[in-house]
């Protein structure tokens, strides 16, 4: 059958962020899927090197709009390791509490998005309504709904009062009740089960080979979770299960995320109950001693890795960020092999992608050639046509066909 | 027997419920106590150490000496990321976060606010 290459993105109604996918089709069947990232590159790593450590905490917080606490905690942990700061226990507990509340809000958001992608908008409306409960709690604890700004080097910036922990406990009860309802929906609603089962299959071996992380890996029964394997913050003192599933498909990923929500509620209760008394921060020096550290963090989307190298000055020498989506994007190509085009939106959405977090890499073509070139509009036009021609899409032929048809 | 429409009950129930949304400009939800809104500057307390300028991640604040022990603050609301680090850094509590959040403006000039030494606020020229 004749092969067709469809470019999806950088701007496309099915995508929420700018990225480009080239999909080779034979009829409705996907033969090849290739992703091209980099449309959202903001140069955050370089910007980190230009700023002081305390300014970087707020900058890393803005890497991602959903897991903002994940990135700032990951960065702060690395800096604290280099400076050998002993963070007070209460600060670690508050960090973990915000981290788990963030996971709740991220997973509820994902459930809504997944519902929307399969045309179940009722689920979207209801989950996002309930998500407001946890957003309000986060705003009450930290002062903002999204960029919490709770972390600082050496601890946290805001304490929790007993009244606030009562409010959190109350909200957790409400959310748990609602999540139980969604679990019931997810496991009993036939339309949802039929749409998600057998879609985006990623076998256990493929998940390991492609280096999948987070719920994407755990739904392929890869028992891997940084919170348990390499405990940070207060996770070492908490009792929780790592949820895995052997469905290997989008349905399994839904069940894993639902299960993780329930685990998060139990963790929030433990944190509130065992919250130690004491100071919430230690004073951090402005100049961090020379050294390097790698910090791992289980973000709602998977393992997040930050590498920080310091040279004894006020500014870091190098900051490297590996967002979870970068590890997971490779799996999408495998999941979509020989599948239907209609499965594309939900399979991409199932890894819970966040492309603006991922755009770290700069590829410099013609390395060594230090020559700047000014491109005119015509040059750019020719370049774009050439770029697509290399990938098998010929607009020249299409244009001719179009003019012929119009005649 | 498995049949679709498991959410039907909740959907029908919501017909008789109050809408979950707020009628925003008419009614506003209260801001939390720790909310980080527009910055407020108390010129009398400022000693001109400029720690806030040094720590600001967005270069949004500028402290200018206008006389003997008199300081003015120029704040760019368009640049400010409302993180509140300047409030934490200030040794004399001369900065404060208010609950004001409706700061959008059609003119750029209005986004630059100057707190004069005599405790008055005006848009920058």
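Protein chains in written order, with this note's numbering: chain A, 94 to 500; chain B, 49 to 173. Ideal Cβ placement from N, Cα and C applies to all residues, glycine included.
In this structure, residue 371(A) and residue 181(A) form a Cβ contact; the two beta carbons are roughly 5 Å apart against a cut-off of 8 Å. In the three-state DSSP reduction, residue 254(A) falls in the coil class, being neither helix nor strand. Contact check for residue 377(A) against residue 231(A) fails: the beta carbons are separated by 8 Å or more. Under the Cβ distance rule, residue 281(A) counts among the residues neighbouring chain B, one pair being separated by less than 8 Å. Flagged as an interface residue toward chain B: residue 232(A), by a C-beta distance shorter than 8 Å. Under the three-state reduction of DSSP output, residue 149(B) falls in the coil class, being neither helix nor strand. Residue nearest to residue 123(A) within the set 430(A), 449(A) and 470(A) is 430(A) (criterion: CA-CA distance). No Cβ of chain A is located within less than 8 Å of the beta carbon of residue 96(B). Fully enclosed alpha helix (DSSP H) runs of no fewer than 4 residues occupy 56–62 of the region 56–91 of chain B, in order along the chain. DSSP places residue 414(A) within a strand segment (E or B) once states are collapsed to three. In this structure, the straight-line span from the alpha carbon of residue 353(A) to that of residue 202(A) is close to 14 Å. Contact note: residue 111(B) does not reach chain A at a C-beta cutoff of 9 Å; the least C-beta distance is about 17 Å. A distance below 6 Å between beta-carbons, with the five flanking residues on each side excluded, links residue 338(A) to the following residues of its chain, in chain order: 312, 345, 348 and 349.
For residue 109(B), the enclosing beta strand (DSSP E) stretches over residues 109–115. Per the C-alpha coordinates, the member of 156(B), 76(B), 110(B) and 141(B) positioned closest to residue 147(B) is 76(B).
In the DSSP assignment, residue 390(A) is bridged to 397(A). From the beta-carbon of residue 304(A), no residue of chain B is found nearer than 8 Å; the closest lies around 33 Å away. Residue-level contact check: residue 83(B) touches chain A, since one or more beta carbons of chain A fall below 8 Å from its beta carbon.
Between the C-alpha atoms of residue 360(A) and residue 241(A) there is a straight-line separation of about 20 Å.
Of all residues in the region 128–146 of chain B, only 129, 131, 132, 133 and 136 place a beta-carbon less than 7 Å from a beta-carbon of chain A.
A straight-line Cα-Cα distance of about 10 Å links residue 395(A) and residue 160(A). Excluding sequence positions up to five before and after residue 127(A), its CB lies within less than 6 Å of the CB of 115, all in the same chain and listed in chain order.
Residue 124(B) and residue 473(A) have their C-alpha atoms spaced approximately 37 Å apart.
In this structure, the straight-line span from the alpha carbon of residue 281(A) to that of residue 54(B) is close to 7 Å.
One alpha carbon belongs to residue 428(A), the other to residue 440(A), and they sit about 7 Å apart. Contact annotation for residue 108(B) against chain A: no contact, minimum CB-CB distance about 11 Å [criterion: below 9 Å].
In this structure, DSSP gives residue 243(A) a state outside helix and strand, which the three-state scheme calls coil.
Taking the beta carbon of residue 55(B) as reference, the chain A residues within 8 Å of it are 215, 216, 219, 278 and 282, listed in sequence order. In this structure, residue 220(A) sits away from residue 192(A), with a CB-CB distance that is not shorter than 8 Å.
For residue 115(A), the three-state secondary structure derived from DSSP is strand.
Within its own chain, the residues whose Cβ lies closer than 7 Å to the Cβ of residue 249(A), once the five positions on either side in sequence are excluded, are 184, 187, 188, 243, 373 and 374, listed in chain order.
In the DSSP secondary-structure assignment, residue 126(A) is bridged to 116(A). DSSP, reduced to helix, strand and coil, places residue 163(B) within a strand of the structure shown. Put simply, the CB of residue 147(A) is near chain B, with a gap under 8 Å to one of its CB atoms. Non-local C-beta neighbours of residue 84(B) in its own chain, meaning closer than 6 Å and more than five positions away in sequence, comprise 130, 132 and 145, ordered along the chain. The contact set of residue 103(B) on chain A, defined by CB atoms closer than 8 Å, consists of 145, 147 and 148 in chain order.
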